[in-house]
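Right, one structure below, let's go through it.
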Amino acid sequence: AATNRLEAENAVVSQGVVESNHAGYSGSGFVNGDNVSGSYTEWTVNAAAAGSSTLAIRYSNGPASVRTANIAVNGAVVSANRAFNSTGNWDTWAAVSIITNLNAGANKVRITATSADGNPNFDYIDATTPGGGGGTVTADQLL
Ligand code: GCU
């Protein structure tokens with residue numbers, strides 16, 4: 188399946204900023220969400236066909252502590268209080284992946300911090316093509 192990269196700096200950010208002061212990111216930067224519960228980053232994934240998609244969320248979390256967030260697709264939480272483990276420092280990146288169903292057309296993928304620490308820093312989501320047969324995903328930035 189094709190994989191398409193959706194850079195966080197092209198996403199909608201509520202309570203946060205795009206920055207580029209830590210190494211290793213893709214594109215022009217990453218999203219640093221505010222250290223507050225409820226802050227979120229929301230990506231739009233446009234799928235030509237409905238079906239299952241793997242969303243690989245690239246993030247960094249410098250402190251030793253885990254950060255947690257609700258991952259919602261089209262308003263429904265599909266992964267509650269998902270753990271984003273420490274990456275050891277802010278220049279090291281890792282991925283959390285979920286498999287979820289997408290609708291044909293625009294899908295909203297929102298990751299909302301569920302603790303006062305806020306979200307980890309987000310670099311991008313890699314989304315695989317739903318359906319496995321002829322569907323394509325279009326994104327803010329194609330690979
Ligand atoms: C530091 C770091 C930021 C990060 C923030 C946080 O300020 O430089 O990139 O977002 O910690 O705790 O979330």
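With the numbering used here applied, the sequence shown covers 188 to 330. Glycine is no exception: its CB is placed at the ideal position from the N, C-alpha and C atoms.
From what residue to what residue does the beta strand (DSSP E) around D221 run?
As a working mapping, residue 221 is identified with position 34 in the sequence shown. Segment: none, D221 is in no beta strand (DSSP E) and carries neither H nor E.
Helix, strand or coil for G191 per DSSP?
Position 4 of the sequence shown holds residue 191. Going by the sequence as given, residue 191 is Asn instead of Gly. Strand at N191.
Contact check, A317 vs A237, beta carbons under 8 Å
Translated into positions along the sequence shown, residue 317 becomes position 130. Translated into positions along the sequence shown, residue 237 becomes position 50. The sequence shown places Pro at residue 317, rather than the Ala named in the question. Cβ distance < 8 Å, so P317 and A237 count as in contact.
In DSSP terms, what T316 is bridged to
In the sequence shown, the residue the question calls residue 316 occupies position 129. None, per the DSSP bridge assignment.
Around the Cβ of A270, are there at least 16 other Cβ atoms within 10 angstroms (buried) or fewer (exposed)?
Here residue 270 refers to the residue found at position 83 when the sequence shown is read from its first residue. Here A270 is exposed. Its C-beta has fewer than 16 other C-beta atoms within 10 Å.
With a threshold of 16 other CB atoms inside 10 Å of the CB of V324, please say whether the residue is buried or exposed.
Numbered from its first residue, the sequence shown carries residue 324 at position 137. Any reading at V324 must be qualified, since the residue scores a pLDDT of 45, below 50, and its modelled position is unreliable; no value is offered.
Kindly indicate the opening and closing residues of the beta strand (DSSP E) around E206.
The residue you call residue 206 lines up with position 19 of the sequence shown. G203 to E206 is the extent of the beta strand (DSSP E) around E206.
Buried versus exposed, by CB contacts within 10 Å (16 or more), D304:
Within the sequence shown, the letter at position 117 stands for residue 304. With 16 or more other Cβ atoms from the protein chains shown falling within 10 Å of its own Cβ, D304 counts as buried.
Buried or exposed for G292, going by 16 or more other Cβ atoms inside 10 Å?
Walking along the sequence shown from the start, residue 292 turns up at place 105. With fewer than 16 neighbouring CB atoms inside 10 Å of its own CB, G292 falls in the exposed class.
Which listed residue (W280, G216 and I298) has its alpha carbon closest to that of W230
Numbered from its first residue, the sequence shown carries residue 230 at position 43. That would be I298, whose Cα lies nearest to the Cα of W230.
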